[in-house]
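So the mapping is simple: the working numbering equals the position in the sequence shown, first residue as 1, plus 3. A virtual CB, placed ideally from N, CA and C, is assigned to each residue, including glycine. Here the structure is laid out as structure tokens; the discussion comes afterwards.
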Amino acid sequence: MNTQRVAVVTGANRGIGRAIATRLLQDGHLVAGLHRSGEVPDGVHSVIADLTDPDAVSAAFDAIRKDLGPVGILVANAGITRDGLLIRMSEEDFGDVLDTNLTGTFRCVKAAARDMMRARYGRIVLISSVVATYGGMGQVNYASAKAGLIGMARSVAREFGARGVTANVVCPGFVETAMTAELPDTVVARYRERIPAGRFAQPEEIADAVSYLASEGSGYVNGVVLNVDGGLGMGH
Ligand code: NDP
């Protein structure tokens, strides 16, 4: 049985983040859901913050520390897409995706790491994407940010590994959420053909992998990139 920890999940109001928050709650943790809109699942402590605002992120972690205690688990899940071919991609669309998906994650990791270092225990899970290593047509911004998360996790793993803190990356393939609902049918059909599983994932299947990496039992697993993609990336 795991010790109960304070777990923070970003983007816990919908999609994959919501499924992860629900799962960590079932695993017996005290879960704080960081969100900027909507509602978090019942039983999850709601904390409003926009990841693009450093002061808001810092205040959110202070509030979680005060209300629930020091953070033991961080799942940095929130992310956006602003797809477009490179030739037409604006600086703004590149910068916005980097600011939310990469810098926003940095802000959360930095805020949580303090508690973890002190406690000599921590589990950091960054939600990247199969496109981090596979590349994605029209996703120069998104793939750059998601690849950056791998470098971030591995650097954190080196900095904090001796203090009982792990940092790992989960790379989902295609998951049935609002993010993929935007994809044109032709793109969906093309991808489905390339996925050995022959289908998209449900958010709960990503949450299962996160649950393991957030558990005490995964303490010797560090700096790993775990694809949960039905075989699409073949582990790359
Ligand atoms: P959704 O679009 O359904 O949800 C994204 C979440 O991120 C929402 O909760 C959203 O909040 C939150 N968010 C976005 N920007 C900010 C911000 N500035 N501050 C705070 N919260 C923010 O996405 P998914 O559930 O599909 O994806 C979750 C993660 O998984 C993302 O990082 C995504 O890149 C990754 N992923 C998803 C895949 C998929 O197929 N769905 C595949 C591979 C990776 P709000 O509701 O307020 O907008």
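Is the beta carbon of residue i less than 8 Å from the beta carbon of residue j?
i, j, result
"residue 127", "residue 77", "yes"
"residue 173", "residue 198", "no"
"residue 168", "residue 124", "yes"
"residue 182", "residue 84", "yes"
"residue 236", "residue 151", "no"
"residue 16", "residue 41", "yes"
"residue 20", "residue 81", "yes"
"residue 18", "residue 187", "no"
"residue 142", "residue 133", "no"
"residue 211", "residue 144", "no"
"residue 53", "residue 39", "yes"
"residue 195", "residue 201", "yes"
"residue 110", "residue 60", "yes"
"residue 158", "residue 5", "no"
"residue 55", "residue 107", "yes"
Contact defined as beta carbons within less than 8 Å: I believe residue i pairs with residue j. What is the distance between those atoms, to the nearest angstrom?
i, j, result
"residue 148", "residue 226", "About 19 Å separates the two Cβ atoms, so there is no contact after all."
"residue 13", "residue 79", "5 Å"
"residue 171", "residue 88", "Not confirmed; about 32 Å, so no contact."
"residue 10", "residue 37", "Not a contact, Cβ separation roughly 11 Å."
"residue 64", "residue 115", "7 Å"
"residue 231", "residue 203", "Contact doesn't hold; Cβ gap of about 12 Å is too wide."
"residue 92", "residue 163", "The Cβ separation is near 35 Å, so there is no contact."
"residue 48", "residue 62", "Not really, about 15 Å apart at Cβ, beyond 8 Å."
So what does residue i bridge to, in DSSP terms?
i, result
"residue 171", "128"
"residue 150", "Per DSSP, none; premise fails for residue 150."
"residue 229", "173"
"residue 178", "204"
Between residue i and chain B, is the shortest Cβ-Cβ distance under 8 Å, so that the two count as touching?
i, result
"residue 25", "No chain B appears in the structure shown, which is made up of a single protein chain."
Measuring only from the beta carbon, is residue i closer than 7 Å to any heavy atom that is part of the ligand SAM?
i, result
"residue 175", "Annotation note on the ligand SAM: not contained in the displayed structure, which lists the ligand NDP as its ligands."
- [ ] Count the C-beta pairs between the region 58-72 and the region 94-104 that are closer than 8 Å, then say yes if the count reaches three, no if not.
- [x] no
(message) Give the list of continuous alpha helix (DSSP H) stretches no shorter than 4 residues that lie fully inside the region 9-91.
(response) 18-29, 57-70
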